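In this note's numbering, the protein residues as written are 148 to 304.
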């Protein structure tokens with residue numbers, strides 16, 4: 148059976164730019180779905196948001212919950228619950244700031260670092276699968292084109 152046109156969301160011929168953004172959405176949906184599956188099937192009971200929090204404090208040890216909230220744009224209460232859970236599981240360590248006792252610096256524990264390494268390894272495998280068959284030049288070209296799309300969307304015209 149040949150490829151059929153999807154007329155559900157289109158009136159007549161689709162514009163190329165509509166197809167491009169729809170394809171970007173499809174790629175991200177597939178990638179995110181496979182990320183969730185890797186997390187579910189992996190050796191650690193980690194949610195997607197918990198993996199993001201571990202990744203942030205792995206890249207920025209000694210920063211605060213407020214730093215994470217500012218960086219991520221997430222709700223502070225949601226982040227507080229995530230951080231509390233990760234601390235209770237021994238994946239995050241908290242140290243009071245000597246200069247400001249109200250501020251708590253967060254860092255990964257040794258267990259947190261081990262979990263993050265596993266998550267990063269799984270992410271690298273998924274990324275390698277996503278760009279399988281692309282030459283290094285094609286990967287750079289794709290990255291440059293997607294960066295242009297990102298820049299276009301970020302500009303306030």
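Cβ coordinates follow ideal geometry from the N, Cα and C atoms, glycine included.
This one's a predicted model, so the numbers in the text were calculated from it and none came from an experiment.
Residue span of the beta strand (DSSP E) that contains residue 243, given as start and end:
Residue 243 -> beta strand (DSSP E) spans 239–243.
Tell me the rounded alpha-carbon separation between residue 193 and residue 185.
Rounded to the nearest angstrom, the two C-alpha atoms are 10 Å apart.
Can you find at least 3 beta carbon pairs, one from the region 160–175 and one from the region 226–235, that sit closer than 8 Å?
The count of Cβ pairs closer than 8 Å, one atom from the region 160–175 and one from the region 226–235, stays below three, leaving the stretches out of contact.
Within 10 angstroms of its Cβ, does residue 259 collect 16 or more other Cβ (buried), or is it exposed?
Buried, by the Cβ-count rule.
Whole-Å CB distance - residue 265 paired with residue 189, under 8 Å assumed:
Between residue 189 and residue 265 the Cβ distance is about 7 Å, and since that is below 8 Å, they are a contact.
Keeping to the same chain, check which residues put their C-beta closer than 8 Å to that of residue 289; ignore five residues upstream and five downstream.
Excluding sequence positions up to five before and after residue 289, its CB lies within less than 8 Å of the CB of 278, 281, all in the same chain and listed in chain order.
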